[in-house]
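Worksheet for the structure shown next.
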Amino acid sequence: MQTGNLLLLLVVMVAGAYYLGLRRSFALARPLGGIRHLHSLPFYFAMRSAMWCALPALVVLGLWLAFDDSIIRQQVLASLPAELQPTDASSYNLTLSKIQNVASGALPVNFVEPPIAAAAEHLQSLRQTSAMALTVVVIVLCMFGGAWAWLKVSPQLRARQQVERVLQTLFMLCATVAILTTVGIVMSVLFESIRFFGKVPVTDFLFGLQWSPQTALRADQVASGGAFGAVPLFMGTMLISAIALLVAVPVGLMSAIYLAEYASKRVRTVAKPALEVLAGVPTVVYGFFAALTVAPFIRGMGESVGLDVASESALAAGLVMGIMIIPFVSSLADDVITAVPQAMRDGSLGLGATKSETIKKVIFPAALPGIMGGILLAASRAIGETMIVVMAAGLAANLTANPLEAVTTITVQIVTLLTGDQEFDSAKTLAAFALGLMLFITTLVMNIFALHIVKKYREQYD
Amino acid sequence: METAQQLDKPALGTNDAARDKAINEQAAMTQDTPYPDQTVGTPFVDDPKMRLRDVEVFYDDNQAIHGVSLDIGKNEVVSLIGPSGCGKSTFLRCLNRMNDTIDICKVKGSLHLESQDLYDPKLDVVELRARVGMVFQKPNPFPKSIYDNVAYGPRIHGLANKKYDLDEIVETSLRKAGLWEEVKDRLHAPGTGLSGGQQQRLCIARTIAVSPEVVLMDEPCSALDPIATAKIEELISELSESYTIAIVTHSMQQAARVSHRTAYFHLGRLVEMNDTETVFTKPEHDLTEAYITGRFG
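Dropping the structure here:
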């Protein structure tokens, strides 16, 4: 049976186990005089049955699916005659894909050697056996689990606690998934970066002032060496993010203060979601808004005062990005400002402070950690933003602090390095990982720095 | 009538049975004795500090205060007592317009601080609140240092020109609030780190630092232990030499100990106002008597 169908069957069986558990607990409770004589509510007995039915089967299913393919492959390759046995990694892959293609019918049988054809057949039959066995094992486990749970139902059974424990484990596993994914990503980026630094010295990368990552695919090509100085990219990222934050932080903060402290309830219910819509606009839309509307506008403005503005400028990208991240600042700041206790406001107003004095001197310091959190989130968004920059700021890696010139950012370069036909072990592609690592470290340092600031300046109300 | 509203506040020193009895009596009484149209006792004094006439407060369509008229004399401590929900806190909050922070709250009537109409549209609320300070039920020091807490008001109102002046204001205020000796070595420690009673005295110091004429206190001791309460009460007596004080309290003993005159509120009406001694020894109105003898409340 196919895995999808098997899962469907599993769901049906689990539902059945739930129902039977429920029925049985009610049946047990009736002679005792109602469900209050059971240790747990019938729901928990039913949940426990469902869990016993589902969990062992799911664990086996997961393990099976994780390992059966590699085991089958081993067996198929072992069945090949000695002269066809793969000798190194690439021939191993080649032989294997040949066998798999024959088995799936993509490659006609008469195109390959008879032993390969035989192996393909072997593969096919092994797969069928495996699927069959899996089906049987899962169904049996399901039934056994369900039956076991059904039999164990008794008025004294501590089903509630058991369900609680299972849920606790489930929550923990979910948290672990997020953490492990982060670790995995960091590790993969780190290892590839180390490979990159094997080809290009760290100092060249960190302090080099020139970025032109074209490397030669063949020895006779002109653009051989390539320059991997990340400083222009770093500067570009910082420049655009700084412009974006200069727009987003004041506007976002003040709109949050307006919404939290001054706006009437009616205005607030309309304005807050409306502001948050900004965060829902796809970045590519912001991108062409920046490239087709804002950039020409800035260029025109610049020309009218005699400034030379590039048609793709950091300013255009930064401004539009700033608009985009306003909701991150305003929404979070609004939440924390609203969360400052009314007693603080009363205390300040009662002393004859005006509303804005109260906000500045009492509410703002108390809400600082949350506000900082919003700004950080916005900053991370700005640093990681790609689409707007690709469209509005260009690809030229200029080392400049002039917002009217075209610049490029780390993320944009990662995209251009990794799109198109690439060798995956050239310095050019590996550079993307090094850039990614750098981006990650930057954000991390920023976070630590911000936490430190918050700790130093926050005024904690209990 | 609204007996349910008063259920949650047991009378002092009564057990459940007595309380049930009290509730029944109260129900009977509210049927038998209609509210007086006129407040009994002597709510008015000569040359008052605050002159309040026909005060009515509405929360949307709900009327919380019905035509309350009373005076608060100069350097007088007036206590407002009554069961929960009787409107005494609402009334107190009218006196420095703290009710402005509640959108749905509307105040009618004539309220004067000396010759100043409190609800004059041209009045600067901020200045009014500097003249009529407020201490709240729960101590609410700002999450700043002790010094900054006290210096908050003077800084806003520009009361001190130099650091030296400010230091002096802070010290005098803390001394008046009886907190100086306890905190003089840690003026720059956070105010939130003090004990509950100290926090409340800090809030009082903060309030008197702007030299108000009237200090409003909304159950200032309800979150404090008896020792801290005793200190605050002592403080109130001392403060009455230089300030006019209106205090809302749930403790009748407290009202008896600290105040010169006592006003008894019931369901948004001022039932009786008299010298504190009269109220507690020879109450004129049945409702007052019922309340102070603990038959309900």
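Those protein sequence lines, which keep their order, are chains D and W. Each residue of the first sequence is one higher than the last, beginning at 1 in our numbering. Each residue of the second sequence is one higher than the last, beginning at 1001 in our numbering. We put the beta carbon where it would ideally sit given N, CA and C, even for glycine.
Quick check on the DSSP output: the beta strand (DSSP E) that includes residue i runs from which residue to which?
{"i": "residue 1272 of chain W", "result": "1269-1275"}
{"i": "residue 1221 of chain W", "result": "Premise fails: residue 1221 of chain W is in no beta strand (DSSP E) and is neither H nor E."}
{"i": "residue 1243 of chain W", "result": "Note, residue 1243 of chain W: premise wrong, no beta strand (DSSP E); not H, not E."}
{"i": "residue 416 of chain D", "result": "Taken as a continuous stretch (DSSP letters only), residue 416 of chain D belongs to no beta strand (DSSP E), being part of the alpha helix (DSSP H) at 410-418."}
{"i": "residue 1105 of chain W", "result": "1105-1113"}
{"i": "residue 1070 of chain W", "result": "1062-1072"}
{"i": "residue 1265 of chain W", "result": "1261-1266"}
Identify the continuous alpha helix (DSSP H) that holds residue i and give its terminal residues.
{"i": "residue 1149 of chain W", "result": "1146-1157"}
{"i": "residue 1056 of chain W", "result": "No alpha helix (DSSP H) contains residue 1056 of chain W, which is instead part of the beta strand (DSSP E) from 1050-1059."}
{"i": "residue 288 of chain D", "result": "283-289"}
{"i": "residue 452 of chain D", "result": "427-457"}
{"i": "residue 47 of chain D", "result": "42-79"}
{"i": "residue 390 of chain D", "result": "387-392"}
{"i": "residue 1167 of chain W", "result": "1163-1176"}
{"i": "residue 1080 of chain W", "result": "No alpha helix (DSSP H) contains residue 1080 of chain W, which is instead part of the beta strand (DSSP E) from 1077-1081."}
{"i": "residue 1133 of chain W", "result": "Counting along the chain, residue 1133 of chain W falls outside any alpha helix (DSSP H), though it belongs to the beta strand (DSSP E) covering 1132-1135."}
{"i": "residue 1206 of chain W", "result": "1196-1208"}
{"i": "residue 92 of chain D", "result": "89-104"}
{"i": "residue 1239 of chain W", "result": "1226-1239"}
{"i": "residue 15 of chain D", "result": "3-32"}
{"i": "residue 1094 of chain W", "result": "1088-1094"}
From residue i to residue j, what does the alpha carbon distance come to, in whole angstroms?
{"i": "residue 1215 of chain W", "j": "residue 1185 of chain W", "result": "28 Å"}
{"i": "residue 407 of chain D", "j": "residue 9 of chain D", "result": "56 Å"}
{"i": "residue 137 of chain D", "j": "residue 338 of chain D", "result": "56 Å"}
{"i": "residue 432 of chain D", "j": "residue 128 of chain D", "result": "42 Å"}
{"i": "residue 1057 of chain W", "j": "residue 1213 of chain W", "result": "24 Å"}
{"i": "residue 1156 of chain W", "j": "residue 213 of chain D", "result": "59 Å"}
{"i": "residue 414 of chain D", "j": "residue 252 of chain D", "result": "30 Å"}
{"i": "residue 434 of chain D", "j": "residue 179 of chain D", "result": "22 Å"}
{"i": "residue 287 of chain D", "j": "residue 322 of chain D", "result": "12 Å"}
{"i": "residue 1166 of chain W", "j": "residue 1105 of chain W", "result": "37 Å"}
{"i": "residue 50 of chain D", "j": "residue 18 of chain D", "result": "5 Å"}
{"i": "residue 64 of chain D", "j": "residue 341 of chain D", "result": "55 Å"}
{"i": "residue 1300 of chain W", "j": "residue 1232 of chain W", "result": "The question about residue 1300 of chain W has no answer, for chain W in this structure spans 1001 to 1297."}
{"i": "residue 1220 of chain W", "j": "residue 266 of chain D", "result": "35 Å"}
{"i": "residue 1143 of chain W", "j": "residue 364 of chain D", "result": "11 Å"}
{"i": "residue 333 of chain D", "j": "residue 1101 of chain W", "result": "21 Å"}
{"i": "residue 296 of chain D", "j": "residue 311 of chain D", "result": "6 Å"}
{"i": "residue 1210 of chain W", "j": "residue 1129 of chain W", "result": "10 Å"}
{"i": "residue 47 of chain D", "j": "residue 132 of chain D", "result": "29 Å"}
{"i": "residue 230 of chain D", "j": "residue 208 of chain D", "result": "6 Å"}
{"i": "residue 177 of chain D", "j": "residue 191 of chain D", "result": "21 Å"}
{"i": "residue 299 of chain D", "j": "residue 389 of chain D", "result": "16 Å"}
{"i": "residue 199 of chain D", "j": "residue 205 of chain D", "result": "11 Å"}
{"i": "residue 77 of chain D", "j": "residue 111 of chain D", "result": "19 Å"}
{"i": "residue 1271 of chain W", "j": "residue 1236 of chain W", "result": "25 Å"}
Against residue i, what residues of chain D qualify as contacts under a CB-to-CB distance less than 9 Å, listed in chain order?
{"i": "residue 1245 of chain W", "result": "Here the premise fails: no neighbours, minimum Cβ distance about 15 Å."}
{"i": "residue 1133 of chain W", "result": "350, 351 and 352"}
{"i": "residue 1152 of chain W", "result": "347, 348, 351, 353, 361 and 362"}
{"i": "residue 1186 of chain W", "result": "Chain D residues near residue 1186 of chain W: none, gap ~17 Å exceeds 9 Å."}
{"i": "residue 1210 of chain W", "result": "351 and 352"}
Under the assumption that residue i contacts residue j (Cβ atoms under 8 Å), give the Cβ distance between them as a whole number of angstroms.
{"i": "residue 392 of chain D", "j": "residue 317 of chain D", "result": "4 Å"}
{"i": "residue 1077 of chain W", "j": "residue 1245 of chain W", "result": "5 Å"}
{"i": "residue 945 of chain W", "j": "residue 1138 of chain W", "result": "Because residue 945 of chain W is not part of the residues shown, which for chain W are 1001 to 1297, the question remains open."}
{"i": "residue 329 of chain D", "j": "residue 375 of chain D", "result": "6 Å"}
{"i": "residue 275 of chain D", "j": "residue 327 of chain D", "result": "5 Å"}
{"i": "residue 410 of chain D", "j": "residue 234 of chain D", "result": "7 Å"}
Please compile the residues from chain W whose C-beta is within a distance smaller than 8 Å of the C-beta of residue i.
{"i": "residue 347 of chain D", "result": "1136, 1140, 1141, 1142, 1203 and 1206"}
{"i": "residue 372 of chain D", "result": "Within 8 Å Cβ-Cβ: nothing; residue 372 of chain D doesn't reach chain W, min ~16 Å."}
{"i": "residue 312 of chain D", "result": "The contacting residues do not exist; residue 312 of chain D stays about 47 Å from chain W at best."}
{"i": "residue 357 of chain D", "result": "1156"}
{"i": "residue 261 of chain D", "result": "Simply none; closest approach about 11 Å."}
List the residues of chain D whose Cβ lies closer than 8 Å to the Cβ of residue i, in chain order.
{"i": "residue 1126 of chain W", "result": "352, 353 and 354"}
{"i": "residue 1096 of chain W", "result": "350"}
Determine the chain W residues that contact residue i at a beta-carbon separation under 9 Å, and present them in chain order.
{"i": "residue 365 of chain D", "result": "1142, 1143 and 1144"}
Could you name the residues of chain D that residue i contacts, counting a contact when the two beta carbons are closer than 7 Å?
{"i": "residue 1157 of chain W", "result": "352"}
Residues of chain W with a CB under 7 Å from the CB of residue i: which are they?
{"i": "residue 343 of chain D", "result": "1136, 1138 and 1140"}
> Mind pulling the alpha helix (DSSP H) runs of 4 or more residues that sit fully within the segment 114-199 of chain D?
Replying inline: 114-152 and 159-199
> Can you list the alpha helix (DSSP H) stretches of 4 or more residues lying completely in the segment 262-338 of chain D, in chain order?
Replying inline: 265-280, 283-289 and 295-304
>> Could you tell me which whole alpha helix (DSSP H) segments of length 4 or greater appear in the segment 337-362 of chain D?
In response: 342-350 and 355-358
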